[in-house]
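Q: I'd like to ask you about the structure that follows.
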Amino acid sequence: METRLVDFLMRWRNWLALACIILSALLAVGMQKLYFQSSYKVFFTEEDPQRIAHESQMEEYARSEDEIILLSFSGSKVFDKKNLATLQRATEMAWNMPYATRVDSLTNYQYSRASDDELI
Numbered sequence: 289m290e291t292r293l294v295d296f297l298m299r300w301r302n303w304l305a306l307a308c309i310i311l312s313a314l315l316a317v318g319m320q321k322l323y324f325q326s327s328y329k330v331f332f333t334e335e336d337p338q339r340i341a342h343e344s345q346m347e348e349y350a351r352s353e354d355e356i357i358l359l360s361f362s363g364s365k366v367f368d369k370k371n372l373a374t375l376q377r378a379t380e381m382a383w384n385m386p387y388a389t390r391v392d393s394l395t396n397y398q399y400s401r402a403s404d405d406e407l408i
């Protein structure tokens with residue numbers, strides 16, 4: 289059995305190699321239409337009651353209402369004392385905005401480091 293298979297492969301090796309190349313080319317043409325859908329929504333129909341309930345809850349309780357305030361300091365570095373003081377004031381003012389629950393800034397960045405076995 290094995291010798292017959294080896295004999296077949298050796299006798300038709302050029303044609304088999306050509307067939308593999310042609311088959312690969314044909315399959316590659318179809319790859320243009322492939323895409324990856326990572327949303328959970330592909331598993332549920334538009335009318336699915338669980339999907340409707342989930343989307344209703346997400347709309348009500350998981351709203352994304354992020355605001356971004358960008359400060360640009362022209363002609364100087366961000367880490368100058370004057371610029372850091374301005375950034376600190378802007379951070380404090382952002383905390384006083386209505387409904388603000390979190391403010392991230394260079395001036396209140398959570399920095400941690402390790403010393404021996406302790407996390408500081």
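Here our numbering is used: the first residue of the sequence shown is 289, the next is one more, and so on. Heads up, the beta-carbon is just placed ideally off N, CA and C, and yes, glycines get one too. Predicted, not measured: the structure shown is a model, and the values here were computed from it.
#1: Start and end of the alpha helix (DSSP H) containing residue 299?
#2: Would you mind stating whether residue 394 and residue 401 have Cβ atoms separated by less than 9 Å?
#3: Tell me the start and end of each unbroken alpha helix (DSSP H) in the segment 292-341 that is at least 4 residues and wholly inside, in chain order.
#4: Provide the residue(s) that pair with residue 407 in DSSP beta bridges, ordered along the chain.
#5: Among 357, 321, 318, 303, which has the Cα closest to the Cα of residue 378?
#6: Comparing alpha-carbon positions, which option in 317, 340, 322, 320 lies nearest residue 328?
A: Quick look at the numbers:
#1: Where residue 299 is concerned, the enclosing alpha helix (DSSP H) starts and stops at 290-299.
#2: no
#3: 301-318
#4: 402
#5: 357
#6: 340
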